[in-house]
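Take a look at the structure below.
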Amino acid sequence: PCPHERPPALWIHPGSGASRKNMPPDYFCALIEHWQRSVSPHVILSFGEADLALLPAFQHRIPAMPVPETITTIVTPTLEQLIHRLRTSATCYVGNDSGISHLAAFLNIPSAVLFTVTDPRIWAPRGRVAVHTASTPPDVLLADLLRLTS
71 PCPHERPPAL
81 WIHPGSGASR
91 KNMPPDYFCA
101 LIEHWQRSVS
111 PHVILSFGEA
121 DLALLPAFQH
131 RIPAMPVPET
141 ITTIVTPTLE
151 QLIHRLRTSA
161 TCYVGNDSGI
171 SHLAAFLNIP
181 SAVLFTVTDP
191 RIWAPRGRVA
201 VHTASTPPDV
211 LLADLLRLTS
């Protein structure tokens, strides 16, 4: 990138407010590994109050990531902080069926949204969004997401 451009950063919000709608942490960790090895070392993980139970699983796995020092964790941001950080930091976004996924899509951030138990025909956000199910391998999701960014 040019000196004034920010490096590509993948924003992941692994929660949804309902554990049954969440992909497992291992899925997102595999996605981080693919991203760091093939695109950029920069990753942002966000956790809202309803997602704090997921945080220890990621804290345990981050040290084993290809470039752990470039993974930023944001915990319980205000809505204003979340909007600002998404706008200024996220090249693309991955999350479950959640309000944050709708926010990322609304902000026109290329997004991949995972659906486990809810119907994407009803609940999928609109915009530059790739809709995936729990059976989508992380590398396939990443390839689809990168197509949205080009």
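With our numbering, the residue at position 75 of the sequence shown is 145, and numbering never jumps. Note that the Cβ used here is the ideal one computed from N, Cα and C, for glycine as well.
Residue i - containing beta strand (DSSP E), residue span
i	result
Val201	199-203
Gly165	162-166
Ala79	79-83
Ser116	112-117
Rounded C-alpha distance that separates residue i from residue j
i	j	result
Phe98	Pro208	8 Å
Arg217	Leu80	14 Å
Ala127	Arg196	30 Å
Ser237	Pro78	Outside the displayed range of the chain (71 to 220) lies residue 237, so it cannot be described from this structure.
Ile118	Pro147	The question names Ile, but residue 118 in the sequence shown is Gly. Cα to Cα, Gly118 sits roughly 7 Å from Pro147.
Val145	Gln151	11 Å
Ile210	Pro138	In the sequence as presented, Ile is not what sits at residue 210; that position holds Val. Approximately 23 Å, taken between the alpha carbons.
Ile192	Pro95	25 Å
Asp121	Ala88	8 Å
Ala194	Thr206	16 Å
Ile153	Arg76	17 Å
Pro190	Ile132	30 Å
Beta-carbon proximity check, residue i vs residue j, cutoff 7 Å
i	j	result
Asp214	Phe185	no
Ala175	His202	no
Ile114	Thr142	yes
Leu124	Gly85	yes
Met135	Ile170	no
Thr158	His112	no
Cut-off 8 Å between Cβ atoms - residues of its own chain near residue i, not counting five sequence neighbours on either side
i	result
Leu156	Trp81, Tyr163, Leu173, Ala174, Leu177, Ile179
Arg90	Thr186, Val187
His74	Note that His74 has pLDDT 48, beneath the 50 cutoff, so the model's placement of it is unreliable and no number is given.
beta-carbon residue i near the ligand PLP non-hydrogen atom, thresh 6 Å
i	result
Leu212	With respect to the ligand PLP, the structure shown offers nothing to examine, as it has no ligands at all.
Chain-order list of residues whose beta-carbon lies under 7 Å from that of residue i (same chain, five-residue window excluded)
i	result
Leu212	Leu101, His104, Trp105
Arg107	Pro136
Same chain, Cβ closer than 6 Å to residue i, neighbours up to 5 away in sequence not counted
i	result
His83	Ser116, Gly165, Ile170
Thr161	Pro78, Ala79
Thr219	Cys162, Pro180
Gln129	none
Residues bridged to residue i (per DSSP)
i	result
Leu184	Asn166, His202
Ala134	DSSP output for Ala134 lists no bridge partner at all.
Val145	Phe117
Contact with chain C by residue i, beta-carbon distance below 7 Å
i	result
Pro208	Of the chains in the structure shown, none is chain C; there is only one protein chain.
Start and end residues, alpha helix (DSSP H) containing residue i
i	result
Pro195	Unbroken run through Pro195: none, as it is neither H nor E.
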